[in-house]
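Data block below; observations after.
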Amino acid sequence: MITVSTANVNGLRAAAGKGFTAWLNATEADVVCLQEVRATPEQLTDEVRHPKGWHAYYAPAAAKGRAGVAVYSRVEPTAVRIGFGSAEFDAAGRWIEVDLPKVTVASLYLPTGEAETPKQEEKNRFMADLVAHLKVMRATAAIGGRESLVCGDWNIAHTEHDIKNWKGNVKKSGFLPEERAWLDALFGAADWHDVVRRIHPDGPGPYSWWSYRGKAFDTDAGWRIDYHVATPALANAAVTAAVERADTYAERWSDHAPVTVAYDI
5 MITVSTANVN
15 GLRAAAGKGF
25 TAWLNATEAD
35 VVCLQEVRAT
45 PEQLTDEVRH
55 PKGWHAYYAP
65 AAAKGRAGVA
75 VYSRVEPTAV
85 RIGFGSAEFD
95 AAGRWIEVDL
105 PKVTVASLYL
115 PTGEAETPKQ
125 EEKNRFMADL
135 VAHLKVMRAT
145 AAIGGRESLV
155 CGDWNIAHTE
165 HDIKNWKGNV
175 KKSGFLPEER
185 AWLDALFGAA
195 DWHDVVRRIH
205 PDGPGPYSWW
215 SYRGKAFDTD
225 AGWRIDYHVA
235 TPALANAAVT
245 AAVERADTYA
255 ERWSDHAPVT
265 VAYDI
């Protein structure tokens with residue numbers, strides 16, 4: 005068995021002071037993928053930078069205080085790679101992957117975007133580069149006899165079941181028709197699989213992000229944008245999947261919740 009958890013921490017330094025460290029100490033996960041770390045390793049306390057019992061790897065963004073991804077693993081990887089060969093995005097703190105026994109695991113933070121602006125054009129370019137890499141990642145892992153898993157904040161709600169107020173968001177980044185079609189292709193012809201949706205086929209949710217604005221958390225007006233995306237055999241090996249939603253608003257250490265899946269491999 006291997007249990008993998010992914011969480012957008014919305015700033016690791018802030019999250020550590022609000023409960024992330026306690027969560028990490030208590031988790032039964034073997035691998036933890038983080039997004040929006042928003043710090044270089046040197047800016048983190050020793051307790052967070054090198055948590056006891058974990059091998060920690062970081063891919064900070066060149067732009068200070070932005071993005072940043074990380075992977076914590078209880079087993080030392082045989083290889084660690086930052087970026088996916090994109091001249092534009094490899095220094096953006098949006099991709100890190102590690103080779104573990106039987107599986108290559110990546111932590112992804114896909115750009116947020118903003119409809120009809122250069123930010124959306126940037127997001128589209130990232131998506132195009134990512135698809136190209138996913139083909140390489142899958143082929144490379146297969147040669148080594150491993151499966152592939154991409155965890156993280158994909159910043160796209162795939163269907164109406166993945167967002168509470170979908171009617172009001174059809175023209176907004178994160179739920180644009182072209183973004184959803186991109187996931188259609190990824191989960192279709194490209195033969196990658198949305199693991200949580202396979203285990204929980206009916207909506208709504210389970211949501212993994214709730215705005216800090218208003219009462220989104222209290223009314224469960226969320227988005228499901230944090231995914232485990234796996235190759236077929238690994239997706240079939242998933243036995244449990246859960247969103248670790250805080251019991252109360254006050255107990256949240258991020259506007260996202262960890263998404264945790266156990267795989268029998």
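First residue of the sequence shown: 5, per the working numbering; consecutive thereafter.
Note that CB positions come from ideal geometry on N, CA and C, so glycine has one too.
- Less than 8 angstroms divides the Cβ of H260 from the Cβ of S212.
- Scanning its chain for C-beta atoms nearer than 7 angstroms, with the 5 sequence neighbours on each side dropped, one finds around K22 the residues W257, in chain order.
- For the set N240, E40 and A91, the Cα lying nearest the Cα of N159 is the one of E40.
- The beta-bridge partner set that DSSP reports for E255 is empty.
- DSSP places W158 in no alpha helix (DSSP H); its state is neither H nor E.
- Residue environment analysis places S177 among the buried positions, since at least 16 neighbouring C-beta atoms fall within 10 angstroms of its C-beta.
- Here R184 is not bridged, per DSSP, to any residue.
- The three-state reading of DSSP puts A220 in coil, since its state is none of H, G, I, E or B.
- For T244, the uninterrupted beta strand (DSSP E) segment begins and ends at A242 to V247.
- For R85, the enclosing beta strand (DSSP E) has its first and last residue at A83 to I86.
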